[in-house]
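Contents: one structure, followed by commentary.
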Amino acid sequence: MKRIAIVGGGGHGKVCASIAEQLGYEIYFFDDHYPSIKTCGKWHVIGNTESLQRSLNDFDSAFVAIGNNVVRLAIQLKLELAKLPIANLISPSSSVHETVKLGSGILVVGNACINIDSVISDGCIVNTNSSIDHDCKLDRFCHISPGVSLAGEVTVGELTWVGIGSSVIQQTSIGSEVMVGAGSVVIDNIPNGLTVVGCPAKVIKYK
27 MKRIAIVGGG
37 GHGKVCASIA
47 EQLGYEIYFF
57 DDHYPSIKTC
67 GKWHVIGNTE
77 SLQRSLNDFD
87 SAFVAIGNNV
97 VRLAIQLKLE
107 LAKLPIANLI
117 SPSSSVHETV
127 KLGSGILVVG
137 NACINIDSVI
147 SDGCIVNTNS
157 SIDHDCKLDR
167 FCHISPGVSL
177 AGEVTVGELT
187 WVGIGSSVIQ
197 QTSIGSEVMV
207 GAGSVVIDNI
217 PNGLTVVGCP
227 AKVIKYK
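Quick note on our numbering: the sequence shown kicks off at 27 and runs consecutively.
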């Protein structure tokens, strides 16, 4: 059985581990709050990221199970520098077309759909029941929350968070480090670093 080190012992970690288990991995958790945190759901937390880096040869791959985009990026880069392969965790109940280009460290949760010729870059989260239509491009370490719908040819920039239940019309560009509030409807391009909410989505905060 393949051994995977999962970094992040919170609720998001449980989701990642449940998918890893379905994919046949033997799961070992690490969290920087260890030993204050010793379990994650039914799994044991056995150390922190420092102890993981001392035991890299014990694992076939690793996965960073942290929802915060910036933190996830930082930890995955450390693991990549240590030459530990970074897994993709793609739920068997999701639908990912064979033409989709995938980076590393990607999570695709149950019942998500990623359609033909889309590109999902390193460290992206495509969460439960979300829909990524044809020819979309997700840049590195963005988070598509549960129930989000991206129409065709949408681009989402690095470190952007698209909130739960949001919708984005076709051929729309969302910049880097953008926050799209829950339930928003995006009908115009959004430049870098903004927070937008509403229907239609309007700017409420500049970075």
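Beta carbons are placed, not taken as given, at the ideal position from N, Cα and C, and that holds for glycine.
Through-space distance from residue j to residue i, alpha-carbon basis
i, j, result
"residue 42", "residue 87", "14 Å"
"residue 197", "residue 208", "20 Å"
"residue 214", "residue 161", "18 Å"
"residue 232", "residue 39", "31 Å"
"residue 79", "residue 62", "19 Å"
"residue 222", "residue 93", "20 Å"
"residue 100", "residue 33", "12 Å"
"residue 105", "residue 203", "23 Å"
"residue 181", "residue 216", "10 Å"
"residue 112", "residue 89", "6 Å"
"residue 138", "residue 83", "33 Å"
"residue 129", "residue 91", "16 Å"
"residue 81", "residue 75", "10 Å"
Residue i, buried or exposed, once every other Cβ within 10 Å from all chains shown has been counted against 16
i, result
"residue 29", "exposed"
"residue 142", "exposed"
"residue 77", "exposed"
"residue 184", "buried"
For residue i, three-class secondary structure by DSSP
i, result
"residue 70", "strand"
"residue 166", "coil"
"residue 126", "coil"
"residue 145", "strand"
"residue 180", "coil"
"residue 88", "strand"
"residue 104", "helix"
"residue 119", "coil"
N-terminal and C-terminal residue of the alpha helix (DSSP H) that residue i is part of
i, result
"residue 30", "Taken as a continuous stretch (DSSP letters only), residue 30 belongs to no alpha helix (DSSP H), being part of the beta strand (DSSP E) at 28-33."
"residue 150", "Where residue 150 is concerned, there is no enclosing alpha helix (DSSP H), given that its DSSP letter is neither H nor E."
"residue 173", "It is not in any alpha helix (DSSP H) - residue 173 carries neither H nor E in the DSSP assignment."
Enclosing beta strand (DSSP E) for residue i [first to last residue]
i, result
"residue 53", "51-56"
Which ranges does the beta strand (DSSP E) cover as unbroken runs of at least 3 residues, wholly within the region 188-228, from first to last along the chain? Counting only unbroken stretches of 3 or more residues, the beta strand (DSSP E) elements lying wholly within the region 188-228 are 220-223, in sequence order.
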